[in-house]
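One structure is given below, encoded as structure tokens.
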Amino acid sequence: MKTMKFSLKLSILICLGIFAMQHVYAMRNGDVVNEDSIQMAYPFELKDKDGKLVRMEDFRGKVVVLDFWFKGCVPCMLLGEPLGQIRKYYQSNPEVVFIDINLDDNVDFWLNSLKNGGTVQKKRRHYTDSLSISVSTAPAGFDHEITKYYKFNGVPTLIIINKKGEILERNPPRPLSEKNGIESIGSLKFKMLINEYLLSSSKKSRAQ
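Letter by letter, the sequence shown follows residues -26 to -1, 1 to 182 in mature numbering (1 follows the signal peptide of the UniProt record, and there is no 0).
Pasting the structure below:
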């Protein structure tokens, strides 16, 4: 069993090394967004569960992770746990902010989902947690301008934004739940990207 776990961890480290090398290669070979074509994050102004206005502009100078979801979305619920583990990992870092954006057109649906979550495979799961700033697009829902701006192909959608308010990642590696106490490659890659953007002062970002 110990040998199997060691082999699995070694495989993960090798995969992460390859991922890092590919990322550096892409950056060095022009596989990046030209500075003139970099897109800024959508300047949303949305209310949280207490009715307080939350603005994207308020988080300039921080790395922001946006998480879009809606009530009844099974993949959104499955993402809740591994993304929650990542939020916990950065809990003590004030330079990383997580914002989950609900796309339902009914405020009551949203608030109920925040409180009760949903059931997947007879297990109660939550879309998000208290470590994330929760806001809603209601009453516009999916018709809100933010969905048109980011050109959604589906939900859940994760977007990473740098300290300058520039969109860096529209489709980052998807965090997955741990197995046998071992963190998934997707989660490790996700954290690698956040750490990279925390350290980087460059305006360059990965090609979309």
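For glycine and all other residues, C-beta sits at the position ideal for the given N, C-alpha and C. Since this is a predicted model, take the numbers as computed values, not measurements.
Cβ shell of residue i (< 7 Å), same chain only, five flanking positions each side left out
i     : result
Glu19 : Leu27 and Arg29
Tyr16 : Met30, Ile120, Tyr123 and Tyr124
Lys36 : Glu69, Val70, Val71 and Lys137
Gly92 : Gly46, Met51 and Arg99
Close-in-space but distant-in-sequence residues of the same chain around residue i (CB under 8 Å, 5 per side omitted)
i       : result
Met(-6) : Unreliable positioning characterises Met(-6) in this predicted model, as indicated by a pLDDT of 40, which lies under 50. The coordinate reading is nonetheless provided below. Cβ neighbours of Met(-6) beyond the five flanking positions: none.
Lys177  : With a pLDDT of 41 at Lys177, under the threshold of 50, the modelled position of that residue is not reliable, and the figure given next carries that caveat. So the qualifying residues of the chain are Glu9, Ile12, Lys138 and Glu140.
Presumed contact (8 Å Cβ cut-off) between residue i and residue j, rounded CB distance
i      : j      : result
Ile133 : Tyr124 : 7 Å
Val48  : Val81  : Contact doesn't hold; Cβ gap of about 22 Å is too wide.
Leu77  : Phe33  : Actually they are not in contact, since the Cβ atoms of Leu77 and Phe33 sit about 20 Å apart, beyond 8 Å.
Ser108 : Thr102 : 6 Å
The alpha helix (DSSP H) enclosing residue i, as first and last residue numbers
i      : result
Thr121 : Glu119 to Tyr124
Lys89  : Val81 to Asn90
Arg61  : Val48 to Tyr63
Asn169 : Ile159 to Leu173
Bounding residues of the beta strand (DSSP E) (the contiguous stretch that carries residue i)
i      : result
Pro110 : Note that residue 110 is Ser in the sequence shown here, rather than Pro. Start and end: Ile107 to Ser110.
Leu132 : Thr131 to Ile135
Ile141 : Ile141 to Glu143
With 16 other Cβ atoms within 10 Å as the buried cut-off, status of residue i
i     : result
Leu88 : buried
Val38 : buried
Arg98 : exposed
Asp22 : exposed
Met14 : exposed
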